[in-house]
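Residue numbers (our numbering): 17 to 655.
Positions of the beta carbon are idealized from the N, C-alpha and C atoms, including for glycine.
Working notes, structure below.
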């Protein structure tokens with residue numbers, strides 16, 4: 017009998033061999049699937065409608081997945097028909113596409129379906145889609161569920177809130193989700209709180225107690241982190257401020273003495289909450305925090321420096337940061353005058369970037385900063401010098417007699433036309449950091465229009481968008497983002513050869529990271545990045561952006577975040593979510609993605625459906641947490 021079983025197993029194994037290659041292929045190895053997906057890039061309403069009405073299950077699934085990235089109101093009846101009558105898998109995909117549309121016309125039908133018994137098992141997806149589509153006028157539909165513990169409800173509230181749609185009932189009742197046993201509702205409630213600053217005294221006390229008891233309650237870091245952020249953002253009176261300060265201080269000591277890097281994300285969250293609310297640790301806590309002063313974790317060191325810069329005397333003989341942004345936090349702090357620190361040279365252009373950034377805190381360095389700004393040719397140094405120049409000119413004690421020279425220098429820079437410098441100047445005008453009278457506005461408007469004509473699109477899209485915003489401000493009109501042209505069709509022959517489980521290895525100056533790519537969800541984006549990898553494009557590039565407990569970002573050809581390839585690709589949004597180790601593409605808005613990418617440190621749900629996800633880290637998250645600005649991408653290769 018056993019022999020017969022063995023023979024049967026061998027037969028089955030041999031019979032499957034012809035299918036191994038097929039199983040390893042991605043779903044876009046089929047020409048028909050490529051055609052359906054490309055209709056997304058062309059916004060081909062006729063062909064997409066035909067597939068949704070007459071295609072087979074797989075074809076409809078691909079078309080619906082594509083509708084996460086584009087939408088036409090003419091498709092609304094077809095999408096609702098699929099939700100009501102089609103296969104369960106298609107129902108869920110259609111609800112995801114409906115949510116991405118943000119069309120309030122769906123609110124009433126979604127609400128009605130969510131109340132029907134036969135759609136109970138889809139209620140979570142219905143509620144989330146409802147939250148993404150609801151507007152202020154129809155918010156009562158979503159609020160009618162207040163007090164319920166339905167799965168998906170907290171996410172629905174969160175999705176509505178980050179679009180600016182919320183009310184007092186949601187703000188008041190969202191705390192109730194934290195006390196429920198539903199992990200998903202708890203997660204989204206925590207992030208709702210982190211993005212809103214609204215709690216009253218009772219809410220602050222409840223939140224502080226939740227934060228204290230988090231580990232006892234079994235909360236994971238993706239809930240603890242936003243709860244700590246929320247505490248730091250609370251506008252509290254003196255008694256509640258004391259409660260928040262004590263809670264954050266106790267948490268900091270608890271995690272600091274644990275001597276485990278597993279707690280570093282939570283420590284960063286507590287530190288950032290402290291710096292946001294300006295809550296200094298107790299003086300006697302510093303002895304218990306010794307472990308933190310010797311870390312080589314840039315995000316942790318950066319967050320620590322933000323807190324310590326609030327009152328420098330606490331730290332002068334205790335904290336000697338190695339990470340340059342941490343040093344800059346201290347040097348440029350009003351409370352840390354005279355602070356100095358030797359740092360190891362990076363032997364790269366970043367040395368000069370840090371050098372010019374060190375100068376920005378004292379108006380006496382104005383001439384030196386201006387000299388570096390006008391003489392430097394490296395784009396990253398030039399943008400850093402522009403930031404320092406404007407920061408120095410914005411100091412309270414900056415001499416008024418030099419204001420005319422500042423404006424003259426800005427005019428020279430605009431004529432020079434560096435795209436990073438143009439973006440910085442445009443954003444400073446938008447933030448009112450650059451003060452212009454009517455005549456100056458008219459002159460700057462003409463110069464920016466001339467500079468805009470010299471931009472090379474789509475490569476210089478970010479500068480183009482920023483200038484558009486300034487021109488709208490000067491003209492007193494509503495800003496309307498220009499629509500990026502479709503300039504880079506997907507190479508389907510290349511895509512068809514990418515394995516469904518394709519992995520890459522990112523070798524950095526801190527270690528290696530392995531990533532599994534999502535070609536089935538983002539074929540054009542994955543293909544574009546892989547082509548750059550095959551050419552060695554990323555070799556010796558740097559990481560130019562670090563936001564603690566958020567992202568590390570790299571791949572910019574300029575090294576300052578304003579660089580791009582000579583083409584842009586279409587956004588490929590999906591129902592994938594941003595969790596720890598998600599790899600996404602940086603962009604300046606829909607359909608402007610190019611060569612820059614980022615890796616998340618932890619959950620970042622506000623990015624879901626807004627930035628293309630191309631992969632997920634499967635090995636090396638410890639390396640991700642150690643990367644900082646200036647670290648090098650030595651090589652990226654396929655595995």
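Q: Would you kindly report the start and end of the unbroken alpha helix (DSSP H) that includes residue 368?
A: 365-374
Q. Should residue 37 go down as buried or exposed, given a rule of 16 or more other Cβ atoms within 10 Å for buried?
A. Confidence is the limiting factor: at residue 37 the pLDDT is only 40, short of 50, which leaves the residue's position unreliable and the question unanswerable from this model.
Q: Could you name the residues that DSSP lists as bridge partners for residue 444?
A: Its beta-bridge partners do not exist; DSSP assigns none.
Q. Should the region 138-158 be called in touch with the region 172-191, which here means at least 3 C-beta pairs below 8 angstroms?
A. yes
Q) Measuring CA to CA, which of 589, 655, 244 and 462 is closest to residue 623? A) 589
Q: Identify whether residue 228 lies in helix, strand or coil by the three-state DSSP scheme.
A: Helix at residue 228.
Q: Determine the extent of the beta strand (DSSP E) in which residue 616 is found, giving its start and end residues.
A: From DSSP, the beta strand (DSSP E) with residue 616 extends over 613-616.
Q: Could you work out which residue in 468, 93 and 371 is closest to residue 401 when comparing CA atoms only?
A: The candidate whose alpha carbon is nearest that of residue 401 is 371.
Q. Candidates 547, 603, 587 and 593: which alpha carbon is nearest residue 570's?
A. 603
Q: Report back the beta-carbon spacing between residue 287 and residue 319 to the nearest angstrom; my notes put them in contact at under 8 angstroms.
A: 4 angstroms
Q: Report yes or no: do the region 508-524 and the region 579-598 share at least 3 C-beta pairs separated by less than 8 angstroms?
A: no
**Q.** Own chain partners of residue 655 with C-beta closer than 6 angstroms, once the 5 adjacent residues on each side are dropped
**A.** Closer than 6 angstroms at the Cβ level, and outside the excluded window around residue 655, lie 519 and 521.
Q. Is it true that the CB of residue 462 sits closer than 7 angstroms to the CB of residue 490?
A. Not closer than 7 angstroms, so no.
(Q) When you compare the CB positions of residue 647 and residue 525, do they come within less than 7 angstroms of one another, or not? (A) It is a contact, given that the beta carbons lie within the stated cut-off.
Q. From residue 34 to residue 103, what distance separates their C-alpha atoms?
A. Because the pLDDT of residue 34 is 41, which lies under 50, any placement of that residue in the model is unreliable, and the question is left without a value.
Q: Figure out for me which residue from 324, 285 and 282 has the closest Cα to the Cα of residue 298.
A: 324
Q: Taking only the alpha-carbon atoms, compute the straight-line gap between residue 91 and residue 107 and give it to the nearest angstrom.
A: 15 angstroms
Q. CA-CA distance, residue 296 and residue 289?
A. 10 angstroms
Q.
Considering Cα atoms alone, identify which of 467, 486 and 480 is closest to residue 449.
A. 486
Q) First and last residue of the alpha helix (DSSP H) that includes residue 270? A) 254-272
Q | Under the three-state DSSP convention, the category residue 178 falls into | A | coil
Q. Contact check, residue 629 vs residue 543 under 8 angstroms by CB: the rounded distance?
A. Not quite, the Cβ-Cβ distance comes to about 15 angstroms (not below 8 angstroms), so this is no contact.
Q) Taking the beta strand (DSSP E) that residue 551 falls in, what are its first and last residues? A) From DSSP, residue 551 is part of no beta strand (DSSP E); its letter is neither H nor E.
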